[in-house]
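**Q** Can you read through this structure? Questions will come right after.
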Amino acid sequence: MELLKNKIIAEADIIEPNIVKVDGFLNHQIDTILYQEIGKEFARRFKDKKITKIVTIEASGIALALTTAMHLNNIPVVFAKKGMSATVNENLYVAKVHSFTKNITYNAIISKKYLSKEDHILLIDDFLANGQAMLGLIDICNQANATVEGVGIVVEKGFQDGRKVIEETGVEVKSLAIIKAVEGKNIIFK
Ligand code: 5GP
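Letter by letter, the sequence shown follows residues 128 to 317 of my numbering.
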């Protein structure tokens, strides 16, 4: 997606090795035109799947999932909440997720009310690195016996393991921009 890649080239910062900071349009301030285009593009790429619901994780996934849902017949969006405590409750689906960027492990939590075995799910997130967040959401969908139709990612860091980890579960990954390498401050796309 050229608009996205141009925005990354123009505005992204590399903080720490291999961490791409895009607060100016994705993770803090939102570029509303870009988000609408992202939604349109995800919808185009997954239009042949029978998707009934989008599942994402707070916070940055929510607006991306919303614009995508608006282009997929306004299907519902469910976002997993992040909890630090060992919440276990018969009304909740819970999966442990390790964040390598923040070096913490948290619980991804979704109420059982909002997922069922009839659901065909599209998972959406901003970044794919080691695949742990998406793996947690796949785990939750499996607990609900829902069908995961695919994973849509805005920025994939292709030099990390995320794609492999997700594809090993049998789920397809489609990314709008894939970074092949980060060399100093330069971002090289696949
Ligand atoms: P994963 O679960 O695939 O290891 O990491 C993905 C999650 O970590 C994303 O939801 C995102 O919030 C965060 N993340 C990982 N790498 C980066 C990065 O380079 N830049 C930003 N902005 N977020 C990242």
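Beta carbons: idealized from backbone N, C-alpha and C, even for Gly.
Just so we're clear, the structure is a prediction, and the values are computed from it rather than from any experiment.
Among Leu191, Gly297 and Leu264, which residue has its Cα nearest to the Cα of Leu219?
**A** Leu264
**Q** Nearer than 6 Å: is that true of the beta carbon of Phe254 relative to any heavy atom of ligand 1?
**A** yes
**Q** What alpha helix (DSSP H) runs, 4 residues minimum, are completely inside the region 279-316?
**A** Considered as a whole, the region 279-316 harbours 289-294 as its complete alpha helix (DSSP H) runs of no fewer than 4 residues, in chain order.
**Q** For Ile90 versus Gly210, is the C-beta spacing smaller than 7 Å?
**A** The requested residue 90 does not occur in the structure, where the chain is confined to residues 128 to 317.
**Q** Sort Ile142, Gln156, Ala170 and Ser226 by Cα distance to Leu303 and report the nearest one.
**A** Nearest neighbour of Leu303 by Cα position, chosen from Ile142, Gln156, Ala170 and Ser226, turns out to be Ala170.
**Q** Taking the Cβ atom as the reference point for each residue, do Phe206 and Ile189 lie within a distance shorter than 7 Å?
**A** Yes, the pair counts as a contact, with Cβ atoms nearer than the cut-off.
**Q** Given that a residue counts as buried once 16 or more other Cβ atoms are within 10 Å of its Cβ, and exposed if not, what is Asn216?
**A** exposed
**Q** Indicate, with yes or no, if ligand 2 has a heavy atom lying under 6 Å from the CB of Thr228.
**A** This structure simply doesn't include ligand 2; it includes ligand 1 instead.
**Q** Report the option in Lys244, Asn201, Lys291 and Leu153 whose CA atom is closest to the CA atom of Lys301.
**A** Ranking the options by Cα distance to Lys301, first place goes to Lys291.
**Q** Please indicate yes or no: does the CB of Asn154 lie closer than 6 Å to some heavy atom of ligand 1?
**A** yes
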